[in-house]
Amino acid sequence: MAEEAAKATDHVETFKQLILAKLRYAVGKDPGNAFDHDWFEAVALAARDHLVDHWEDASLQVDRQDQKRVYYLSLEFLIGRLLVDNLSNLGLLDTAREALSQLGVDFEQIRDMEPDAALGNGGLGRLAACFMESMASLNIAAHGYGIRYEHGLFRQVVVDGWQQEHTETWLDFGNPWEFERPEVSYRIGFGGSVANLAGSGEVPRHEWLPNEQIRAIAYDTPVVGWRHSSVNTLRLWRARAEEDLKLERFNAGDHFGAVADVVKAESISRVLYPADSTEAGQELRLRQEFFFVSASLQDLIARHLELNLDIHSLPDRVAIQLNDTHPAIAVAELMRLLVDVYRLEWFEAWKLTVATLSYTNHTLLPEALESWPVSLMERLLPRHMQIIYLINAYHIDSLRAKEIHDFELLRSISLIDEDNGRRVRMGNLAFLGSHSINGVSSLHTNLMRKSVFSDFHRLYPERINNKTNGVTFRRWLYQSNPQLTELLVGAVGDELLDNPEATLRKLEPFAAKASFRKQFAAQRQHAKRELAELVRERMGISLDTQAIFDVQVKRIHEYKRQLLNLLHTVALYQAMRNDPATDWAPRVKIFAGKAAASYHQAKLIIKLANDISRTINVDPTLRGLLKVVFIPNYNVSLAEVIIPAADLSEQISTAGLEASGTSNMKFALNGALTIGTLDGANVEMSEQIGRENMFIFGMTAQQVAARSRRDLNMSAEVAASERLAGALEAIRSGVFSPDDPGRYVGLIDGLLAHDRFLVCADFQAYWDAQRKVDMLWRTPDRWWQAAVLNTARTGWFSSDRTIREYAKDIWKVGGIGD
Ligand code: GLC
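The C-terminal residue of the sequence shown carries number 818 in UniProt numbering, and the numbering is unbroken.
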């Protein structure tokens, strides 16, 4: 023991010296004149030194063992902050805390200096970040590939209740985690023409002659696994012009024209998700997709060949996962590289392509399935368009050869949509070019088989498979909720940290122990106080931490039905005012989330939440029973504070429309109870956790489909429910918008006439479920028993489990040393 304590002291002293050296020699400050941000940078750089040592070891091991590598291509990585993640996985968190405290620096304060890396929109991007961490923790040799956006997801500012988008500037103070690799750079072409190089009678050979070339420069960020099991690389590409300045033009006085190419080239990695409501925006988006796909494929092939491996062995050593259709152009680009550059015969190239690529689908919403106008593709990527036509023609030939002549079927699986002005269907391209297509929850995968890909599924029944999403417990339990983690470890032992999937189950008997439930509730109180403090500081609103914290945080989208939650809020408000004699359970309704900049309806819903909040929060007749807050600028760091503090998790999407959801898992892991529809992964959660420990309500996906086939006019539903009618009327008539009474007339009338997301149809069931929430809250023994069981039974939703399934079924890889 004494020896261990001495070792720990040694570590602290060494780390302290390292921090001081970084502060002096890398940041250029000394303790006397360092700001918080300087300290943050010094600690991050000190941690990075440790990362680098392990990084070197990991990549040498992969080379030696000839391991197959996984390449995860994703246009989004929603990483958030990395300091605690890295220190914690390196086992240095306590060391760093102690070292800083000896230096008189508050760790929590400098932790907050790190900007969020918000290189993603929501669930899809955060999933990619969880997967990177899990792959490193499971010793799988993996690279993430994406774009190093100069500006991540916009910063949301709420002004007078309206969302405003401001540029996000995460790189303003540099990024201590990344390494610029100017020597790793590839040429990316656009436009131009295709030369036919073969003489008559020879095998056709083509060469793409782009008329525009830009450069992709690599930036590497090490990703360390739990207990530094291994360190992988996230390689993000930055776009640069071939030449920084056209000197001749500059000297001729055309100072802007001299840098026009630079501006054009660099706009590719300027912002995450440029608005695609304009043609220029669409083109930029396609450029981004091709840019990062081409750079990544060139890079991974170069690595493969450097290891003296033959191009033919690509699928034996390389597995490429396409995260959604955004990288689907990889099918055509890999074919181009194999056929035009490496001179493989077409069918051989096709075999390698399909064997190497796999594709994850994240949504069935028709508006979210990408397609590109043929004319745009022809202009920007002429050789790829030829290749897509050829893939399509050979495919249709092969089906005809099997006596499949069904015209409708051939039309539906075609890569070209002839009905909507000729467009390339990227989902179909990704399907055809991949040996595995997976959905992200069991329900979603089944619906995929029945809807978007039903015809493909008939032809290739073995290709579609399910991989239910998961989340990394390191970030979403140990780091975001250290107090609860300590309590759990105290109950079931240290093993929890290394093997949470199995160990969490051991918590089940503790649900029956009153003393444990009390401690569990006390941890929640602690987290609620922290959130209340944040809300007070940022918004000047005080919250009653004894009330139910009822939380819906996620992107604002009609199918996620924040509107249903708001209607319940208004109905509850009216009921509380009308029936003061009822013993209402006090509630705090918490909302947060961003709306896409051009999504007007979603922005109006944000305004409505704020209008409702403004009215309700000052109504003295409520006696503080109900508060509503919309916390601006939802991001990963905010989620880390909100999720541990939630009593109730709102997962209320229209059944059949949320592919999986992942915040649902994070909330349950932290012991919140879910009110939700049988949608996405809620279905599997209810199987694991038990329906009796959740509040499941509303139509099933099947009922939704049937109801939608009838009509979407809701007059009958509204007439049947006085409560719903009252809430709708209050919003419509301007009770919450006296400054502009007509503000919500269109919103409410639209809902009545055509309720695409069945908000009104599910209202009564939702109201009833919410009353069950109140009832359970009043019997704390039962509430906290269910809460403990939620935590105990969420182990299966670890992203380690998900990644193991990908590794075994799709990638066919093991971990180092397996
Ligand atoms: C998308 C889906 C969401 C899913 C996530 C990760 O964001 O909308 O349901 O959880 O992708 O697969």
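For glycine and all other residues, C-beta sits at the position ideal for the given N, C-alpha and C.
Counterpart residues of residue i in DSSP-defined beta bridges
| i | result |
| --- | --- |
| Asp220 | Phe179, Arg235 |
| Val628 | Lys589 |
| Ser185 | Ile217 |
| Trp372 | Val424 |
| Thr674 | Ser649 |
| Asp417 | Arg423 |
| Trp208 | Val194 |
| Gln164 | Val157 |
| Phe695 | Ile675 |
| His143 | Tyr71, Thr233 |
| Ser798 | Val471 |
| Leu119 | Phe77 |
Pair within 7 Å by beta-carbon distance, residue i and residue j
| i | j | result |
| --- | --- | --- |
| Val570 | Ala730 | yes |
| Met426 | Asn361 | no |
| Leu415 | Ile388 | yes |
| Tyr149 | Leu119 | yes |
| Ala585 | Asn693 | no |
| Ile19 | Ala42 | yes |
| Ile396 | Leu410 | yes |
| Thr654 | Tyr766 | no |
| Gly470 | Ser799 | yes |
| Ile140 | Ser436 | no |
| Glu207 | Ala195 | yes |
| Ala706 | Gly656 | no |
| Gln651 | Arg793 | no |
| Gly144 | Glu76 | no |
| Leu608 | Leu566 | yes |
| Arg524 | Ile548 | no |
| His54 | Val231 | yes |
| Trp237 | Ala216 | yes |
| Leu477 | Thr485 | yes |
| Asp220 | Arg235 | yes |
| Ile329 | Val293 | yes |
| Leu305 | Glu333 | no |
| Ile612 | Gln562 | no |
| Phe645 | Lys554 | Just to set this straight, residue 645 is Ala in the shown sequence, not Phe. Going by C-beta atoms, Ala645 is not nearer than 7 Å to Lys554. |
| Thr802 | Gly123 | no |
Residue i: CB within 6 Å of a non-hydrogen atom of the ligand GLC
| i | result |
| --- | --- |
| Val440 | yes |
| His362 | yes |
| Thr472 | no |
| Ala124 | A quick correction: the sequence has Leu, not Ala, at residue 124. Answer for Leu124: yes, Cβ within range of the ligand GLC. |
| Ala328 | no |
| Thr674 | no |
| Gly661 | yes |
| Leu127 | yes |
| Asn469 | yes |
| Glu729 | no |
| Glu370 | no |
| Glu684 | no |
| Glu658 | yes |
Residue-chain proximity (residue i, chain D), Cβ-Cβ < 7 Å
| i | result |
| --- | --- |
| Lys594 | Protein chain content of the structure displayed is limited to a single chain, and chain D is not contained in it. |
Whole runs of the alpha helix (DSSP H) within the segment 284-329, excluding any shorter than 4 residues: Counting only runs that start and end inside the segment 284-329, the alpha helix (DSSP H) elements of at least 4 residues fall at 314-317.
If you scan the segment 31-90 from start to end, which runs of the alpha helix (DSSP H) of 4 or more residues do you find wholly inside it? List check, alpha helix (DSSP H) in window: 36-64, 83-90.
In the segment 425-495, which residue ranges form an unbroken alpha helix (DSSP H) of at least 4 residues, counting only runs that do not cross its ends? Whole alpha helix (DSSP H) segments, 4+ residues: 426-432, 442-450, 454-459, 482-492.
Give the list of continuous alpha helix (DSSP H) stretches no shorter than 4 residues that lie fully inside the segment 759-785. The DSSP assignment places 763-777 as complete runs of the alpha helix (DSSP H) inside the segment 759-785, in order along the chain (cut-off: 4 residues).
Segments of 3+ residues assigned as beta strand (DSSP E) that fall wholly inside the segment 552-598: Complete beta strand (DSSP E) runs here, min 3: 587-592.
Give, in chain order, every unbroken run of the beta strand (DSSP E) that is at least 3 residues long and sits entirely within the segment 330-381. Fully enclosed beta strand (DSSP E) runs of 3 or longer: 357-360, 371-373.
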